[in-house]
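S.K.:
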Amino acid sequence: LHYYCNSTYFFKKRLCFYLTMCFNIDVKHPRIFTGPEDALFGFSVLQHDAGGEKSMLVGAPWDGPPNNRKGDVYRCTVGAERNSSCSKVNLGETALQNVSKNLRNSHLGMTLTPDYPDGFLACAPLWSQECGTSMFSTGICASVSDDLEPRETIAPTAQRCSTYMDIVIVLDGSNSIYPWYEVQNFLSNILSKFHISPDQMQVGILQYGEVAVHEWSLKDYQTTQQVVEASMNISRQEGRETRTAYAIHMACTEAFSAERGAREGATKVMIVVTDGESHDGEELPDALEECETRNITRYAIAVLGHYIRRQQDPETFINEIKYIASDPDDKYFFNVTDEAALNDIVDALGDRIFTLEGTLGYNQSSFHMEMSQIGFSTHTLDDGILFGMVGAYDWDGGVLKEGINGRIMPPREAFESEFPLELKNHAAYLGYTVSSVVVGDWKRLYVAGAPRFKHKGKVILFELGDDGEVEIVQALNGEQIGSYYGSEVCGLDIDQDGITDVLLVAAPMFLGSGNKEAGRVYIYTLSGVFILNGTLKSEEKSQDARFGYALAATPDLNHDGFTDLLVGAPLEDEHRGAIYVYHGDGIYITHNYKQRIAGYSISPSLKYFGRSVSAQLDLDGDDLIDLAVGAQGSAVLLSSRSIVQINVSLKFQPHSINVIQKTCQKGGRDSACLNATVCFTAVSRSPGSHSNNFARALFDDSSHRQTQLLVQVHTGKTLCYNLPFHVYDTADYIRPISFSLRFKINNTESGPVLDEGWPTNIKKTVILQLHQMYQLSGLNYFFSSFLYRHKPYVIRSPRRRLAVEVQLQNRLENAYNTSLMLHYSRNLHFSSLSIRVSHFGHEACQHRLGNQHWIILCCSDSVERDDTLEDNSIQLQSFVQYEPDLFVSRYVCTHGPTIDNHRRICKDLVRK
1 LHYYCNSTYF FKKRLCFYLT MCFNIDVKHP RIFTGPEDAL FGFSVLQHDA
51 GGEKSMLVGA PWDGPPNNRK GDVYRCTVGA ERNSSCSKVN LGETALQNVS
101 KNLRNSHLGM TLTPDYPDGF LACAPLWSQE CGTSMFSTGI CASVSDDLEP
151 RETIAPTAQR CSTYMDIVIV LDGSNSIYPW YEVQNFLSNI LSKFHISPDQ
201 MQVGILQYGE VAVHEWSLKD YQTTQQVVEA SMNISRQEGR ETRTAYAIHM
251 ACTEAFSAER GAREGATKVM IVVTDGESHD GEELPDALEE CETRNITRYA
301 IAVLGHYIRR QQDPETFINE IKYIASDPDD KYFFNVTDEA ALNDIVDALG
351 DRIFTLEGTL GYNQSSFHME MSQIGFSTHT LDDGILFGMV GAYDWDGGVL
401 KEGINGRIMP PREAFESEFP LELKNHAAYL GYTVSSVVVG DWKRLYVAGA
451 PRFKHKGKVI LFELGDDGEV EIVQALNGEQ IGSYYGSEVC GLDIDQDGIT
501 DVLLVAAPMF LGSGNKEAGR VYIYTLSGVF ILNGTLKSEE KSQDARFGYA
551 LAATPDLNHD GFTDLLVGAP LEDEHRGAIY VYHGDGIYIT HNYKQRIAGY
601 SISPSLKYFG RSVSAQLDLD GDDLIDLAVG AQGSAVLLSS RSIVQINVSL
651 KFQPHSINVI QKTCQKGGRD SACLNATVCF TAVSRSPGSH SNNFARALFD
701 DSSHRQTQLL VQVHTGKTLC YNLPFHVYDT ADYIRPISFS LRFKINNTES
751 GPVLDEGWPT NIKKTVILQL HQMYQLSGLN YFFSSFLYRH KPYVIRSPRR
801 RLAVEVQLQN RLENAYNTSL MLHYSRNLHF SSLSIRVSHF GHEACQHRLG
851 NQHWIILCCS DSVERDDTLE DNSIQLQSFV QYEPDLFVSR YVCTHGPTID
901 NHRRICKDLV RK
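Counting in full-length UniProt numbering, the sequence shown runs from 1 upward without gaps.
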């Protein structure tokens, strides 16, 4: 047996260390998954179970080349091999392929939300829409099934661009247009300003003279570059007539048809470019009425080159072109001196077309959603999902609910009581985090954090009606500027009765000692409303920690029936990071952490360990909740260890030690033999079967002799071990020999752990059973029989000695300062005391007081071991009779001459 400590003190110290500094999360056998560090692999983590196939989903929102961080999600399989690989899911290519081809820098995988529904939600909050020259980061999420198949996309704040236009250019190609290359230059220049894409502009060109021809349709080209290149290949149709009315009617009825790619809801714009009066002018009213019926906005450009070259008055021509243009003329009518001058109006024409962004086809009430960043924070509800809109309303923020009752988007004014409108543009970031709690009467309140409100942060709890009406129930305010109070919130139903017991609010940038961002988590307990009840803190170090950067509830790690808590501190230990485990107790959370897991204890290469956490599932198949923790370029899976309770019993045989007579020998020395029987029974508090539990036990007696025992305990079974002991030194009669047994789980790095607070020691004192014999020389009577005889004892001559044998027995309780008193008459005299060495016992202490002699047996402590107090003292008496020593004689004295002679004569007579 390996002897691992030299003193009782050291053993206790080590045992205490193991019980307080760690508990049941295994840090010695982690599974570490690695991915591209520059992709921010590990930014988010989510445990995943697809029909028994266990894996960990890891977000890598910066995945992709430097100029296009589309982001993605990796799937890391948790199999028998500890070093399993991770593979990219390619959600960006599958889940979002039908939304937009522009996924540039969308950062998919920044958030991963479980159980939506029967799957998960992967979000790209920086997914943006190009609208003209603007980029709107509205955000988007993809609902994905358990088998990683995309189901639908959710982009509730995405609005149709105001540049969602179908533009048809009606181009005069008659003989009078000259030179043609100037017209081509104009086309390429104006088309290069258009934002051609399926989500924005489409352009078709119809060229006419005597006849009209579709050069290309709206649906033919999808990019600006394509239409610019196509414009350079357009040749002039020629013709002696300019049938403008015919071309306009054809454009309205054919070019803007669905067959040629016109889109429902798109703004319809027509640009007419011509250099002369129409030959079918009488048909213009009907053609223009057709355009009005189809809501087609018309820009008209009069090229005066033909009139100037012929020195003709263009007034009639100009009036016709103004008639073609929509009203007002100063906005929709242009004239240029010649074909070359067309390029001079390119910028003006483009600007006027783009002014339609704010006037036509745009919903003004939703204009404030253009930077909402949906998916930055999400929370799954029973009837849908709650989104935070951190960038909405000029970064004041907001919330949105997407559920079975439709979409609920409270207006900016709904939160005015707590976020006054006069603080506009102060960027409160409401919706930076969202959650919900259930309070009395099973009422659900929504929770949203605003970490930048007045620079101190705020959290609001509110009700949300189906009509978007908001009733704020409670507001919690931060206390320190810049602490980012409200950047994370977490509700805990600790006793698992359906009612939220504790609301945690993180302030990860809270400045601690040394002006370091130590971080702090505020604890609010439910008492009608949520009341502040202390804080959680990281270790007392002058360091950056960002304690509270990540919060996660986990269902009962220690199997006591209460929900537990994980807190991430990714900047601790010089940015290597750590996580903290807190246990629930009743309806509260313990303020002192039960386990701190440092990143460097997992692997020296880890950085930002604790930036994300997820702990809801068993991934390694042992029926115990496992922990998924994100780091920079890594994701770590930590297994839970089973929890056992070890019951120990300790018995000794015999129950007493003969301190006078040594019954054994060992090593040539006399000793008293003692056999200890120790029994171990292990009971598992954890689910599943955990049969082999190794424990190490240490025996220690009152003289500090130690014996170590390594035992294997099977759950649900009792195993007993017999241990012999030899006691050499019995000189201390005052204190009995006591034994203590201390034990702990032998393997402190893996396998089961002992239940916290479970007793790890047992103490036993060998029961004293004293058999003492004290003998007065003479007749050998036993005191026990002597006392209970009814006839008196008679001392007869010539045997003048009385032997009294006393047997004193300690039955169950310890005895202190025990004494035996013998009372005898003055006619008897105490002769001697002897000890019968054939019986157990201590030496007697003799005291004499007059004719009374006390025989005192000195024993150990006075602790009672049972309730039989009535047999602790007894008074017995017996009568002793003795024959009288009387002599009767007679004699006759003869008188002599003297008195002395007379006495001598009498004496002689007596002798006779």
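Ideal placement from N, C-alpha and C gives every residue a C-beta, glycine not left out.
Since the model is a prediction, treat every value here as computed from it, not as a measurement.
By DSSP, does residue 106 sit in helix, in strand, or in coil?
M.R.: Here DSSP, grouped into helix, strand and coil, assigns residue 106 to coil.
S.K.: For residue 309, name the three-state secondary structure that DSSP assigns.
M.R.: The three-state secondary structure of residue 309, taken from DSSP, is helix.
S.K.: Just mark residue 406 as buried or exposed, buried being the case when its beta carbon has 16 or more other beta carbons within 10 Å.
M.R.: exposed
S.K.: Pairing CB atoms from the segment 173-190 with CB atoms from the segment 136-147, are three or more of them under 8 Å?
M.R.: no
S.K.: So residue 205 and residue 234 are in contact, right, with Cβ under 8 Å, and what is the actual spacing, rounded?
M.R.: 7 Å
S.K.: Output the distance between the C-alpha atoms of residue 409 and residue 49, rounded to the nearest integer angstrom.
M.R.: 33 Å
S.K.: For residue 195 and residue 263, what's the separation of their Cα atoms in angstroms?
M.R.: Residue 195 and residue 263 have their C-alpha atoms spaced approximately 16 Å apart.
S.K.: Kindly indicate the opening and closing residues of the alpha helix (DSSP H) around residue 395.
M.R.: 392-395
S.K.: For residue 547 and residue 607, I'd like the C-alpha separation in whole angstroms.
M.R.: 15 Å
S.K.: Among residues of its own chain, excluding the 5 on either side of residue 438, which ones have a beta-carbon nearer than 7 Å to its beta-carbon?
M.R.: 444, 498, 499, 500
S.K.: Going by C-alpha to C-alpha distance, which of 135, 112, 248 sits closest to residue 279?
M.R.: Distance from the Cα of residue 279 is smallest, within the candidate group 135, 112, 248, for 248.
S.K.: For residue 285, does the count of other Cβ atoms within 10 angstroms reach 16, so buried, or fall short, so exposed?
M.R.: exposed
S.K.: Where are the alpha helix (DSSP H) runs, 4 residues long or more, that stay fully inside the segment 261-306, in chain order?
M.R.: Runs found: 284-293.
S.K.: Whole beta strand (DSSP E) runs in the segment 546-608 with 3 or more residues, listed along the chain?
M.R.: 550-554, 564-569, 578-582, 595-598
S.K.: How far does the beta strand (DSSP E) with residue 60 in it extend, from its first residue to its last?
M.R.: Following the DSSP letters along the chain, one finds residue 60 inside the beta strand (DSSP E) bounded by residues 53-60.
S.K.: The beta strand (DSSP E) that contains residue 325, what's its start and end?
M.R.: That residue, residue 325, is in no beta strand (DSSP E); it is neither H nor E in DSSP.
S.K.: Using only CA atoms, which one of 543, 39, 476, 494 lies nearest to residue 529?
M.R.: 476
S.K.: When you compare only the Cα positions, how much space is there between residue 801 and residue 669?
M.R.: 39 Å
S.K.: Go ahead and pull the three-state DSSP assignment for residue 192.
M.R.: helix
S.K.: Excluding the 5 residues preceding and the 5 following residue 246 in the sequence, name in chain order all residues of the same chain whose CB lies nearer than 8 Å to its CB.
M.R.: Within the same chain, and ignoring the five residues on either side of residue 246 in sequence, the residues whose Cβ sits closer than 8 Å to its Cβ are 208, 212, 280, 283, 287.
S.K.: Run through DSSP, which three-state label would residue 42 get?
M.R.: coil
S.K.: State the DSSP-derived secondary structure class of residue 320, mapped to helix, strand or coil.
M.R.: helix
S.K.: Give every residue of the same chain whose Cβ lies closer than 8 Å to the Cβ of residue 261, excluding the five residues on either side of it in the sequence, and list them in chain order.
M.R.: 166, 202, 204, 217, 218, 219, 220
S.K.: List in chain order: all unbroken alpha helix (DSSP H) runs of 4+ residues lying wholly within the segment 66-95.
M.R.: 91-94
S.K.: Could you give the first and the last residue of the continuous alpha helix (DSSP H) run that contains residue 229?
M.R.: 224-231
S.K.: Less than 6 Å between C-beta atoms, sequence neighbours within five positions excluded: which residues of the same chain meet that for residue 783?
M.R.: With a pLDDT of only 40 at residue 783, under 50, the local geometry of the prediction cannot be trusted, and the value read off the model is given with reservation. Excluding sequence neighbours, residue 783 sits near 804, 805, 806.
S.K.: Given 8 Å as the limit, is there contact between the segment 452-469 and the segment 419-435, that is, 3 or more CB pairs closer than that?
M.R.: yes
S.K.: Are residue 266 and residue 332 close, meaning C-beta to C-beta below 7 Å?
M.R.: no
S.K.: What whole-angstrom Cβ distance do residue 122 and residue 109 have, given they're in contact under 8 Å?
M.R.: 6 Å
S.K.: Going by DSSP, what residue range makes up the alpha helix (DSSP H) through residue 663?
M.R.: No alpha helix (DSSP H) holds residue 663; DSSP gives it neither H nor E.
S.K.: Alpha carbon to alpha carbon, how far is residue 76 from residue 32?
M.R.: 10 Å
S.K.: Could you spell out the range, first to last residue, of the alpha helix (DSSP H) harbouring residue 346?
M.R.: 346-354
S.K.: Measure the beta-carbon distance from residue 626 to residue 563 and round it to whole angstroms, keeping in mind my assumption that it falls under 8 Å.
M.R.: With 8 Å as the limit, residue 626 and residue 563 do not qualify as a contact, their Cβ atoms being about 16 Å apart.
S.K.: Could you check what DSSP says for residue 427 in three-state terms: helix, strand or coil?
M.R.: The DSSP-derived three-state label of residue 427 is coil.
S.K.: Can you tell me whether residue 223 is buried or exposed, with buried defined as 16 or more other CB within 10 angstroms of its CB?
M.R.: exposed
S.K.: Mind checking whether residue 35 and residue 631 have CB atoms under 7 Å apart?
M.R.: In this structure, residue 631 does not lie closer than 7 Å to residue 35 by Cβ.
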